[in-house]
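Step one of this worksheet: look at the structure below.
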Amino acid sequence: MKQSQLFTKTRREAPKDEVSKNAQLLIRAGYIHKEMAGVYDFLPLGLRVLNKIVGIIREEMNAIGGQEVHMTALQDKGKWEATDRWSDKVNDIWFKTKLKNDTELGLGFTHEEPLTSIMKDHIRSYKDLPKAVYQFQTKFRNEARAKSGILRGREFLMKDLYSFSIDEKSHNIYYAKAKDAYMKIFNRLGIGDQTFVTFATGGSFSKYSHEFQTLCEAGEDLIYIDEKKKMAVNKEVLNDEVLNDLGLSRAELVEKKAIEVGNIFSLGTKFSGALGLNYRDESGKDIAVNMGCYGIGPSRVMGTIAEVWSDDKGLVWPESVAPFKVHLVAIFGKDTASGGAGKVRQAADELYASLTAKGVEVLYDDRDCSAGEKFGDSDLIGIPWRYVISEKTLATDSIEVKDRKTGTVEMKKLK
RNA sequence: CGGGGCGUGGUGUAACGGCUAACAUGCCUCUUUUGGGAAGAGGUGACUCCGGGUUCGAAUCCCGGCGCCCCGACCA
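Positions in the first sequence are counted from 1; adding 16 to them yields my numbering.
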């Protein structure tokens with residue numbers, strides 16, 4: 017894409033109503049726009065990153081047999097009453113609304129109830145199990161306090177997968193697979209090294225749930241990590257019994273702040289029981305389906321990556337999620353007047369065309385502005401590889417290739 | 001939801017209760033410039049968040065509202 021056509025602009029200064037690093041950088045670089053507290057729009061660059069994240073998650077969910085659906089945000093009150101999750105006293109994060117005839121509706125903050133209900137139409141027999149279903153969905157949560165930019169919003173994107181198994185044993189097998197898939201995802205997203213599988217509160221059907229916590233000062237969770245074992249325990253469940261269970265010793269643990277980028281949960285038969293999702297076993301008996309749920313918020317992940325991978329000059333995207341792979345920066349110098357076809361512009365146009373033809377995603381800075389401004393913007397936007405082309409580089413028939421992360425520069429011949 | 005802070009051109013800031021609300025940046029025009037946010041000149045752009053009140057006079061003081069940020073509580 018030609019940068020001269022990109023409608024978003026960079027800014028020198030962050031708006032004063034943002035303090036968090038992710039929001040400051042993402043707004044300054046033109047990735048997102050704040051609509052109101054905890055509610056952000058994704059602009060072209062931001063959407064590209066978000067879609068990259070979504071793509072990686074989708075591949076890994078498909079790899080463990082997930083089948084993608086797209087459910088509704090509007091929720092039918094009845095199903096939530098069946099599980100006693102409708103009342104504001106039980107659950108105060110609902111956004112609720114009404115039809116013209118006064119029928120109450122909710123804006124989904126999660127999707128166990130409606131999906132369990134859908135599955136009733138399709139699961140009859142033990143032969144129909146196991147199954148895994150997932151979606152990418154806008155979730156609405158009426159948070160008492162939205163904060164930290166894109167990390168805790170009231171409207172955000174969520175991937176939620178739900179598994180349906182014959183019994184606990186079969187569920188545990190799937191659960192373990194999902195756990196591995198999650199680590200694979202975070203590795204591919206470039207935050208694997210700082211992301212720890214963390215034991216957390218389990219709820220009524222299992223002792224623990226597993227959170228995926230990325231070490232980061234901007235996080236709101238406190239976790240205790242054992243670096244050698246690459247295990248962690250959330251502060252909320254830290255006690256001697258738990259440590260004993262997990263074979264961890266207090267002396268080895270270090271306290272760290274972290275961002276919860278994923279959470280997987282065993283649900284047992286809580287929802288299937290309440291909503292009547294049963295299968296018939298070989299002996300003809302009806303049995304409640306055993307369920308699990310598995311969440312990752314792609315928008316929160318994007319904020320987390322921005323927090324973890326950035327420096328004083330701007331964002332530093334891992335290649336797997338960067339909006340473009342290459343930032344082609346043309347320094348026209350006195351080579352050409354605006355729009356003219358000087359030597360540099362011609363060479364840059366050609367390089368852009370040939371890279372694009374090869375399928376390389378390129379943001380081509382073809383704007384008429386000073387070199388300093390272009391470099392500053394390039395650092396801020398944070399595309400992994402910068403190709404600089406100018407009179408200077410053309411003199412040796414080459415381009416300058418700079419690694420955004422390491423700052424390493426090398427000259428490469430144009431052929 | 002409790003506590004604290006803050007609302008002034010697009011953005012960041014300034015202005016004792018008193019001149020036409022200032023500066024920087026952005027944007028537009030012209031000239032010069034051209035490898036780390038270039039220089040000069042001219043221009044554009046603000047009912048000072050909203051509503052009341054005090055006062056001869058309010059961006060400034062008081063009351064109410066709304067919004068935003070931070071701390072805490074909460075957070076399948």
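Cβ coordinates follow ideal geometry from the N, Cα and C atoms, glycine included.
I'd like the list of long-range same chain contacts for residue i, defined as Cβ closer than 8 Å, with 5 residues on each side in sequence excluded.
| i | result |
| --- | --- |
| Glu51 | Asp57 |
| Pro314 | Leu66, Ile69, Val70, Ile73, Phe152, Leu173, Met174 and Lys175 |
How would you write the range of the beta strand (DSSP E) that residue i sits in, first residue to last?
| i | result |
| --- | --- |
| Asp57 | Val55 to Phe58 |
| Glu426 | Val425 to Lys429 |
| Trp401 | Trp401 to Ser406 |
| Asp237 | Asp237 to Asp242 |
| Val378 | Val378 to Asp381 |
| Glu51 | Ile48 to Met52 |
| Met174 | Glu171 to Ser181 |
Rounded to a whole number of angstroms, what is the C-alpha to C-alpha distance between residue i and residue j?
| i | j | result |
| --- | --- | --- |
| Pro60 | Leu379 | 12 Å |
| Asp108 | Ala79 | 36 Å |
| Pro339 | Thr154 | 21 Å |
| Lys341 | Lys374 | 12 Å |
| His127 | Gly278 | 16 Å |
| Glu323 | Ala98 | 40 Å |
| Arg44 | Lys37 | 10 Å |
| Leu41 | Glu407 | 31 Å |
| Leu123 | Arg101 | 13 Å |
| Phe156 | Lys359 | 53 Å |
| Lys272 | Leu238 | 6 Å |
| Leu63 | Val425 | 29 Å |
| Gln210 | Pro334 | 14 Å |
When we look at the beta-carbon of residue i and count the other beta-carbons within 10 Å, is it buried (16 or more) or exposed?
| i | result |
| --- | --- |
| Pro400 | buried |
| Val106 | exposed |
| Phe23 | exposed |
| Asp196 | exposed |
| Lys431 | exposed |
| Met427 | exposed |
| Arg140 | exposed |
| Cys232 | buried |
| Arg402 | buried |
| Thr422 | exposed |
| Lys185 | exposed |
Can you tell me where the alpha helix (DSSP H) with residue i in it begins and where it stops?
| i | result |
| --- | --- |
| Leu396 | Ala387 to Ile397 |
| Leu259 | Asp256 to Leu262 |
| Gly358 | That residue, Gly358, is in no alpha helix (DSSP H); it is neither H nor E in DSSP. |
If you check the beta carbons only, do residue i and residue j fall under 9 Å apart?
| i | j | result |
| --- | --- | --- |
| Lys147 | Met135 | yes |
| Ser326 | Ile280 | no |
| Asp419 | Lys429 | no |
| Val332 | Val404 | no |
| Leu177 | Ala194 | yes |
| Gly392 | Lys350 | no |
| Tyr15 | Phe228 | What the structure shows of the chain is the stretch from 17 to 431, and residue 15 is not part of that stretch, so it cannot be assessed. |
| Leu90 | Leu121 | yes |
Going by beta carbon distance, what residues of the same chain come within less than 6 Å of residue i, once the five residues before and after it are set aside?
| i | result |
| --- | --- |
| Leu167 | Arg316 and Gly319 |
| Gln83 | Val149 |
| Gly289 | Ala304 |
| Ser20 | Asp382 and Arg383 |
| Ser354 | Below a pLDDT of 50, predicted positions are generally treated as unreliable, and Ser354, at 48, falls in that range; the measurement from the model is reported next regardless. Around Ser354: Asp384. |
| Ile397 | Ala45 |
| Lys93 | Trp102 and Glu120 |
Kindly list the residues whose CB is nearer than 7 Å to the CB of residue i, restricted to its own chain and excluding five residues on each side of it in sequence; keep chain order.
| i | result |
| --- | --- |
| Leu269 | Tyr240, Ile241 and Asp242 |
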